[in-house]
Amino acid sequence: MAVFNEEEKSALFLPEIYHGINNHSFHTYEAFYEKCAADNYLEKALYLDEKIYLPDDLLMKADKMTMANSLEARSPFLDHKLVEFVAQLPHEYKLRGKTGKYILKQTVKDIIPEEIVYRRKHGFNVPVQTWLSGWLREYARELLSEQFIRQQGIFNPDYVQFAWRLMEKKAYNYDRRVWLILMFQIWYCIFIDKSINVRTESM
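Add 278 to a position in the sequence shown, counting from 1, and you land on the number used in our numbering.
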């Protein structure tokens, strides 16, 4: 679930910054993984999603986007009684072969068309590559410039430039890496060091 693994983080941050980080991504997941009482990997993975991925990612994004547009979203499958019930079901009801959500699909297969029940998942992907290569390019280049990175004193400018080059070549997942660094830069300029001469208002 992490965009940067520990080796990449050690390359991204300056040594003194990296060694000052004491809560690595793996440790967060490891703590919840060990806390889960289930005896199989699937149940532990579902528990991790419930404790980390749902509240810190999917639900947070859904809440912000719907509230920003005056909508009240509901997540009926997260009703606590349903979640508690499903958590007690044997894992064969949740994943059978390569079929996920097995019991749900079996429940609705006679009332919902098969092409809907068994179609592939399709997330709400953000076109980061298109943005970074298009209208956002010059702004991103400014915030990720070698001069700014060196002045800031957090990231290794060589790695940032390396990530940018691979993003331009559309190497796998480097658009997400560059995007995360850029989001941090915007946050940093707005909330940490407002004296840095970067045009955050252009966003």
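Beta carbons: idealized from backbone N, C-alpha and C, even for Gly.
Sequence-distant residues of its chain with Cβ nearer than 8 Å to residue i (five each side left out)
| i | result |
| --- | --- |
| Lys372 | Leu320, Leu324, Val364, Gly378, Lys379, Tyr380 and Ile381 |
| Lys383 | Thr377, Val395 and Tyr396 |
| Thr306 | Ile330 |
| Lys387 | Val395 |
| Thr478 | Low confidence applies here, because Thr478 scores a pLDDT of 45, under 50, leaving its location unreliable and the question unanswered by this model. |
| Ala351 | Ala340, Asp341 and Thr344 |
Residue i - partner residues in DSSP beta bridges
| i | result |
| --- | --- |
| Thr344 | In the DSSP output, where bridge partners are listed per residue, Thr344 has none listed. |
| Leu373 | Gly378 |
| Phe291 | Phe433 |
Rounded distance between the beta-carbons of residue j and residue i, thought under 8 Å
| i | j | result |
| --- | --- | --- |
| Val281 | Leu458 | 6 Å |
| Glu285 | Phe304 | Glu285 to Phe304, Cβ: 12 Å. No contact. |
| Leu460 | Leu421 | 6 Å |
| Gly431 | Leu292 | 7 Å |
Classification of residue i by the beta-carbon crowding that lies within 10 angstroms, buried from 16 upward
| i | result |
| --- | --- |
| Val438 | buried |
| Trp465 | exposed |
| Phe355 | exposed |
| Trp442 | buried |
| Tyr452 | buried |
| Ile427 | buried |
| Leu367 | exposed |
| Leu349 | exposed |
| Ala418 | buried |
| Gln429 | exposed |
| Arg455 | buried |
Close-in-space but distant-in-sequence residues of the same chain around residue i (CB under 7 Å, 5 per side omitted)
| i | result |
| --- | --- |
| Leu290 | Phe282, Phe433, Asn434 and Tyr437 |
| Lys287 | Tyr296 |
| Leu322 | Inspection of the sequence shows that residue 322 is occupied by Lys rather than by Leu. Around Lys322: Tyr311, Cys314 and Ala316. |
| Glu416 | none |
| Val424 | Note on identity: in this sequence residue 424 is Glu, with Val being the wrong assignment. Once the five neighbours on either side are set aside, the close Cβ partners of Glu424 are Pro435 and Gln439. |
| His369 | Asn318, Leu320 and Glu321 |
| Gly298 | none |
Neighbourhood of residue i by C-beta distance below 6 Å, restricted to the same chain and skipping five residues each side
| i | result |
| --- | --- |
| Val406 | Asp453 and Trp457 |
| Gln463 | Leu421 |
Open item on the list: Which runs of the alpha helix (DSSP H) at least 4 residues long sit entirely within the region 398-464? Give them in chain order.
Closed with: 406-411, 415-421, 424-430 and 435-446
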